[in-house]
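Asks:
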Amino acid sequence: MIKGTLYIVSAPSGAGKSSLIQAFLKTQPLYDTQMSISHTTRAMRLGEAHGQHYFFVSVAEFERMIVENAFLEYAQVFGNYYGTSRAIIVQILATGVDVFLDIDWQGAQQIRWKMPSARSIFILPPSREELDRRLRGRGQDSEDVIARRMAQAVAEMTHWAEYDYLVVNDDFNIALLDLKTIIRAERLRLERQKSRHDSLISKLLAE
Ligand SMILES: Nc1nc2c(ncn2[C@@H]2O[C@H](COP(=O)(O)OP(=O)(O)OP(=O)(O)O)[C@@H](O)[C@H]2O)c(=O)[nH]1
Ligand SMILES: [Mg+2]
Numbered sequence: 026m027i028k029g030t031l032y033i034v035s036a037p038s039g040a041g042k043s044s045l046i047q048a049f050l051k052t053q054p055l056y057d058t059q060m061s062i063s064h065t066t067r068a069m070r071l072g073e074a075h076g077q078h079y080f081f082v083s084v085a086e087f088e089r090m091i092v093e094n095a096f097l098e099y100a101q102v103f104g105n106y107y108g109t110s111r112a113i114i115v116q117i118l119a120t121g122v123d124v125f126l127d128i129d130w131q132g133a134q135q136i137r138w139k140m141p142s143a144r145s146i147f148i149l150p151p152s153r154e155e156l157d158r159r160l161r162g163r164g165q166d167s168e169d170v171i172a173r174r175m176a177q178a179v180a181e182m183t184h185w186a187e188y189d190y191l192v193v194n195d196d197f198n199i200a201l202l203d204l205k206t207i208i209r210a211e212r213l214r215l216e217r218q219k220s221r222h223d224s225l226i227s228k229l230l231a232e
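In structure tokens:
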């Protein structure tokens with residue numbers, strides 16, 4: 026039986042999704058919230074570790090996992106495979122821990138279909154100008170590369186209306202508070218509170 030809540034967080038590149046999720050997780054004990062670690066076929070970057078940022082696997086290994094139905098969802102993003110392992114998610118949720126998925130709109134659609142109890146959050150940048158500025162990074166990329174990133178970001182943003190919650194990341198601390206508020210409100214839902222306060226409720230209602 027599922028006890029934890031599955032949270033899907035999507036955003037275009039440059040909206041500050043990773044920083045927001047990381048800052049949020051720092052405020053949460055591990056027995057409350059965990060981040061899902063995806064499998065990917067993209068190359069490992071400097072500073073990344075296998076099993077920490079991603080499970081880095083070959084295309085053959087990834088495709089074997091697809092055939093074995095090992096993924097709750099998977100998609101090709103920027104030419105690489107990315108997927109969420111079903112076994113890991115099911116096991117963590119069963120212990121009552123909430124799980125965060127940093128996945129794209131294609132993965133979000135698949136999860137919504139398979140797990141209607143999942144909650145989804147979309148993060149938007151405050152303006153087109155700010156997004157452009159953030160996508161330019163250190164200014165070492167060609168205009169071609171930047172234009173392609175912007176087109177990908179706009180394509181991701183066209184899916185904003187498919188999500189349960191919308192957060193605009195203008196002031197980082199306000200966006201972080203928004204994220205905390207969403208999770209807190211979800212945890213106060215009757216379904217979650219019922220099991221947590223079972224004995225209190227029976228004592229209060231005792232004759
Ligand atoms: N569907 C799906 N998407 C994933 C999964 N893991 C990561 N992604 C998405 O793949 C995209 C690229 O992620 P990365 O390769 O880590 O690159 P990044 O620098 O973090 O890119 P951005 O977060 O887009 O700025 C991001 O939009 C992620 O949300 C997954 O398991 N499934
Ligand atoms: Mg990211």
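Its first residue numbered 26, the sequence shown is counted upward by one per residue in this note's numbering. A virtual CB, placed ideally from N, CA and C, is assigned to each residue, including glycine. Small disclaimer: the values here were computed from a predicted structure and weren't measured.
1. With three or more beta-carbon pairs closer than 8 angstroms as the criterion, would you say the region 169–186 touches the region 213–225?
2. Assuming Glu155 contacts Gly132 (C-beta within less than 8 angstroms), just tell me the rounded distance between them.
3. Rounded to whole angstroms, how far is the Cβ of Thr109 from the Cβ of Ser63, which I believe are closer than 8 angstroms?
4. For the pair the region 28–46 and the region 70–80, tell me if three or more CB-CB distances fall below 8 angstroms.
5. Counting Cβ pairs, one atom from each stretch, are 3 or more of them under 8 angstroms apart for the region 86–104 and the region 45–53?
6. When you compare the CB positions of Ile148 and Val192, do they come within less than 8 angstroms of one another, or not?
7. Is DSSP giving Val12 helix, strand or coil here?
8. What does the alpha-carbon distance come out to for the pair Ala95 and Tyr32?
9. Classify Tyr56: buried if its beta carbon has 16 or more other beta carbons within 10 angstroms, exposed otherwise.
10. What does the Cβ neighbour count give for Thr120, buried or exposed, with the cut at 16 atoms within 10 Å?
11. Are Ile146 and Ile207 close, meaning C-beta to C-beta below 8 angstroms?
12. By alpha-carbon positions, which one of Gln59, Tyr79, Ile171 and Leu213 ends up nearest to Thr65?
13. Starting from Gln101, follow its DSSP beta bridges and name the residues at the other end.
14. Do Leu139 and ligand 1 come close, with the Cβ less than 7 angstroms from some heavy atom?
15. Evaluate Phe125 with the Cβ neighbour count: other Cβ atoms within 10 Å of its Cβ, from every protein chain shown; 16 or more gives buried, anything less gives exposed.
Replies: According to the structure shown:
1. no
2. Actually they do not touch by this definition, with Cβ atoms about 26 angstroms apart.
3. 6 angstroms
4. no
5. no
6. yes
7. Nothing about residue 12 can be reported from this structure: the residues present for the chain run from 26 to 232 only.
8. 20 angstroms
9. exposed
10. exposed
11. yes
12. Tyr79
13. Tyr106
14. Correcting the residue type first, residue 139 is Lys in the shown sequence and not Leu. No, the beta carbon of Lys139 sits no closer than 7 angstroms to any heavy atom of ligand 1.
15. buried
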